[in-house]
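Participant: The structure's right below; bear with me while I get my questions together.
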Amino acid sequence: MINKDLVIIGGGPAGLCAAKMAAEAGQSCLLIDRNRTLGGQLIKQTHMFFGSEKQFAKTRGIDIANKLVEDVRKHPDLIEIWDDATVVGLYQDKVITVLKNELYIKVQSKAVIISTGASEKVLAFENNDLPGIYGAGAVQTLMNVYGVKPGSRIVMVGSGNIGLIVSYQLMQAGVRVLSIIEASPKIGGYKVHASKIRRLGIDIVTSCTIKKAIGTEAVEKIVTVKLDEKWNEVPGSEKEYEVDAVCIAVGLTPLTNLQSMIGSEMKYISELGGLVPVIYPNHETSIENIFSCGDASGIEEASSAIVEGYITGLLASKKLGNVHPRYDELMDEYNTQLNNLRNGPFGDKILNGLKKQGA
Amino acid sequence: MRLRIKEHPILNFEEEKKVIHFTFNNLPVTGYEGDTIASALHALGIKKLSESSHWKRPRGFYCAIGNCSSCSMIVDGEPNVRTCITLLKEGMDVRVQTNKGEIHDK
Ligand SMILES: Cc1cc2nc3c(=O)[nH]c(=O)nc-3n(C[C@H](O)[C@H](O)[C@H](O)COP(=O)(O)OP(=O)(O)OC[C@H]3O[C@@H](n4cnc5c(N)ncnc54)[C@H](O)[C@@H]3O)c2cc1C
Ligand code: FES
């Protein structure tokens, strides 16, 4: 058994920022990520981020990731990093089991920050299990990490920011996006992204969903159908597309296996993407010294994950007896930043969700 | 190599990478260093990675980050390997998995 005071699970923006603050407070920690590259979702984002200057808006996601990782690597004496290591268990006595190099390793911790991010939602339709039907994250990973196109003719399902941005990235990689379909009567994402897409000549069809996929070994065709105001299919409005890939971008849901496993109190809050841990004022879950931040406790954005990470890092180190020399000042600053972020276009929804999430 | 991105306005994929030889269902094929098994197969146009254990429906990958197990294959005799997060290595023997995978397959 290895002993570590603070363990941070997940090295996306939230986890990286928590580690940075802990180190600045003089708190040592172990940062674990199952990926070979730290940075979480950011390593696939080639677009310039929206949000505020303070959280790197107008910088490409991949460059933000590099910057945050650099910050963490400045403290090799205090931050130990395990990459390519998956946390598979978290127990009430705060023992963590990790799968690394085909070995199970046990770590006894005093406090844990869970910042495991999110997983993608799936959509129910006939033959939705055919190869070639991929989540938006998978399409991004394939293109932007491995340099492989998901197909040559694709239909995007979902017009939230992710659907719009990934459509743009597909075009950049030389893939033809035939159409973006959206079940609701309104485009979900920001207008700037939608306009950019339309300028490329991609059609965005609202009040429309995917009815079924057709194919033997992989998807060859899909059938879409229009929806009326009551979300019922409009007979005769079916349309066929010949495709070799379909991208499903219907939202994310927090990855909360670890919070559930340790038995922290959970709630279903649709505004935050589904099942989330109840969060106490100092960012702890219902179990003392188990903290949670970023998408893993409610789907927001990288900007808020960054700030939540800083805050949680400060709080967790303080709890372990290491108070950051500028604790009060930084807490004020970051809380103000979070409030400002949540005043943005999607802020009301998030604030509503957070109200339900608080203990 | 028809699905490899050659030109990209932001990312650089032009650099020559080392070729990795492996077999897919006994067929000799190649990928590049840095590929996962799934990305190398996808680049070759191979999308079906396994069959569902009960109805034998074709399965490809879905999440590409190790969450869903939709990409399980038999690699060097070991079943249930999540090929979307497993790096490709020289000489690997990769096979479509058509059952739940038995421990003694290895
Ligand atoms: C297409 C797209 C575009 C986006 N555009 C923007 C934008 O313009 N502006 C913006 O602010 N936000 C944007 N976002 C959102 C942003 O990327 C996320 O909100 C942010 O990355 C969340 O950070 P996180 O640290 O909470 O989680 P993630 O970034 O998801 O990181 C979680 C990390 O945890 C690791 N992990 C998970 N489980 C385990 C485990 N069991 N053991 C070990 N490690 C584990 C994962 O490997 C991952 O590295 C976008 C997202 C997408 C998909
Ligand atoms: S595709 Fe989901 S685990 Fe590999």
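Taken in order, these protein sequences are the chains called B and X.
As numbered in the working numbering, residues 1 to 359 make up the first sequence, in order.
As numbered in the working numbering, residues 1 to 106 make up the second sequence, in order.
The beta carbon of each residue, even a glycine, is placed where N, CA and C say it ideally should be.
Values in this document were obtained by computation on a predicted structure and should not be read as measured data.
Do you know whose CA, among L330(B), N352(B), A302(B), lies nearest A65(B)'s CA?
Facilitator: Mapped onto the first sequence, residue 65(B) falls at position 65. Closest option to A65(B), Cα to Cα, is A302(B).
Participant: Report all residues from its chain with a CB closer than 7 Å to the CB of K17(X); omit the five preceding and five following residues, and keep chain order.
Facilitator: Against the second sequence, residue 17(X) aligns to sequence position 17. The answer, listed in chain order, is Y32, E33, G34.
Participant: By the criterion of Cβ-Cβ separation under 8 Å, what are the contact partners of R4(X) in chain B?
Facilitator: For the purposes of this step, residue 4(X) is taken as the residue at position 4 of the second sequence. Those are G147, V148, K149, listed as they occur along chain B.
Participant: Helix, strand or coil: which one does DSSP assign to H21(X)?
Facilitator: For this step, residue 21(X) is matched to residue 21 along the second sequence. The answer is strand: DSSP assigns H21(X) an E or B state.
Participant: Go to N3(B), then tell me how far its beta strand (DSSP E) extends in each direction, as first and last residue.
Facilitator: One-based indexing of the first sequence puts residue 3(B) at position 3. First-last of the beta strand (DSSP E) with N3(B): 2 to 9.
Participant: Could you say which of I9(B), D5(B), A124(B) lies nearest to G89(B) if we only look at CA atoms?
Facilitator: What you label residue 89(B) is simply residue 89 of the first sequence in a count that begins at 1. If we check each option's Cα against that of G89(B), I9(B) comes out closest.
Participant: Hey, does D105(X) have any beta-carbon neighbour from chain B nearer than 9 Å?
Facilitator: Along the second sequence, one-based indexing puts residue 105(X) at 105. Low confidence applies to D105(X): its pLDDT is 48, below 50, so where it sits in the model is not reliable, and the reading given next is rough at best. Closer than 9 Å: no.
Participant: The region 22 to 34 of chain X: which residues have C-beta closer than 8 Å to a C-beta of chain C, in chain order?
Facilitator: In the displayed structure, chain C is absent; the protein chains listed are B and X.
Participant: Does the beta carbon of Y134(B) sit closer than 9 Å to a beta carbon anywhere in chain X?
Facilitator: Counted from its first residue, the first sequence places residue 134(B) at position 134. Y134(B) counts as touching chain X.
Participant: Would you verify that the beta carbon of V122(B) is, or is not, closer than 9 Å to some beta carbon of chain X?
Facilitator: Here residue 122(B) refers to the residue found at position 122 when the first sequence is read from its first residue. Yes, because at least one Cβ of chain X sits closer than 9 Å to the Cβ of V122(B).
Participant: Does the region 300 to 320 of chain B come close enough to the region 229 to 237 of chain B that 3 or more CB-CB pairs lie under 8 Å?
Facilitator: Too few Cβ pairs lie closer than 8 Å, so no.
Participant: Applying a beta-carbon distance threshold of less than 8 Å, which residues of chain B neighbour T36(X)?
Facilitator: Position 36 of the second sequence holds residue 36(X). The answer, in chain order, is Y146.
Participant: Determine, using beta-carbon pairs with one atom in the region 298 to 312 of chain B and one in the region 330 to 342 of chain B, whether at least three such pairs fall under 8 Å.
Facilitator: Contact holds: three or more Cβ-Cβ distances are below 8 Å.
Participant: Whose CA, out of A43(X), T30(X), N99(X), lies closest to the CA of R2(X)?
Facilitator: Reading the second sequence from its first residue, position 2 is the one you call residue 2(X). The option with the nearest alpha carbon to R2(X) is A43(X).
Participant: Let me check you understand the geometry: is the CB of T36(X) closer than 8 Å to at least one non-hydrogen atom of ligand 1?
Facilitator: Counting from one through the second sequence, the residue named residue 36(X) turns up at place 36. Checking every heavy atom of ligand 1 against the Cβ of T36(X), none is found closer than 8 Å.
Participant: Return no unless some Cβ of chain X is closer than 9 Å to the Cβ of L255(B).
Facilitator: Numbered from its first residue, the first sequence carries residue 255(B) at position 255. Yes, contact with chain X.
Participant: So which residues of chain X does E217(B) contact, with C-beta pairs closer than 8 Å?
Facilitator: One-based indexing of the first sequence puts residue 217(B) at position 217. Near E217(B) (Cβ distances below 8 Å), the residues of chain X are K47, K48, P58.
Participant: Whole angstroms are fine: how far does the CA of N3(B) sit from the CA of G158(B)?
Facilitator: Position 158 of the first sequence, counted from the start, is the residue given in the question as residue 158(B). Position 3 of the first sequence, counted from the start, is the residue given in the question as residue 3(B). Distance between the alpha carbons of G158(B) and N3(B): 45 Å.
Participant: Under 9 Å Cβ-Cβ, which residues of chain B neighbour P9(X)?
Facilitator: Here residue 9(X) is taken as the residue at index 9 of the second sequence, counted from 1. Simply T46, Q172.
Participant: Determine the extent of the alpha helix (DSSP H) in which V69(B) is found, giving its start and end residues.
Facilitator: The residue you call residue 69(B) lines up with position 69 of the first sequence. Note, V69(B): alpha helix (DSSP H), 61 to 73.
Participant: Taking beta-carbon pairs under 7 Å, can you tell me which members of the region 61 to 95 of chain X lie near chain B?
Facilitator: Cβ contacts with chain B come from F61, Y62, C63, A64, I65, G66, N67.
Participant: Please report the straight-line C-alpha distance between V246(B) and A22(B), rounded to a whole angstrom.
Facilitator: Position 246 of the first sequence, counted from the start, is the residue given in the question as residue 246(B). Position 22 of the first sequence, counted from the start, is the residue given in the question as residue 22(B). Roughly 42 Å between the two C-alpha positions.
Participant: From R57(X) to E126(B), what does the alpha carbon distance come to, in whole angstroms?
Facilitator: Along the second sequence, read from residue 1 onward, the residue named residue 57(X) stands at position 57. Along the first sequence, read from residue 1 onward, the residue named residue 126(B) stands at position 126. Going by the C-alpha atoms only, they are around 13 Å apart.
Participant: Is there at least one non-hydrogen atom of ligand 1 closer than 8 Å to the beta-carbon of K121(B)?
Facilitator: Residue 121(B) sits at position 121 when you count from the first residue of the first sequence. Flag unset: Cβ of K121(B) not near ligand 1.
Participant: Run the CB neighbour count on L103(B), radius 10 Å, all protein chains shown included, and call it buried at 16 or more, exposed below.
Facilitator: Within the first sequence, the letter at position 103 stands for residue 103(B). That one is exposed.
Participant: Is S39(X) near ligand 2 - that is, is its Cβ less than 8 Å away from at least one heavy atom of it?
Facilitator: Residue numbering aside, residue 39(X) sits at position 39 when the second sequence is read from its first letter. Not so, every heavy atom of ligand 2 lies at least 8 Å from the Cβ.
Participant: Tell me, please, whether the CB atom of S53(X) is closer than 9 Å to any CB atom in chain B?
Facilitator: The residue labelled residue 53(X) in the question sits at position 53 within the second sequence. Answer no: the Cβ-Cβ gap between S53(X) and chain B never drops below 9 Å.
Participant: Under 9 Å, Cβ to Cβ, is there at least one residue of chain X near S297(B)?
Facilitator: Working through the first sequence from its first residue, we reach residue 297(B) at position 297. No, S297(B) lies away from the interface with chain X (no Cβ there is under 9 Å from its Cβ).
Participant: Please list, in chain order, the chain X residues whose beta carbon lies closer than 8 Å to that of R199(B).
Facilitator: One-based indexing of the first sequence puts residue 199(B) at position 199. Within 8 Å Cβ-Cβ: nothing; R199(B) doesn't reach chain X, min ~15 Å.
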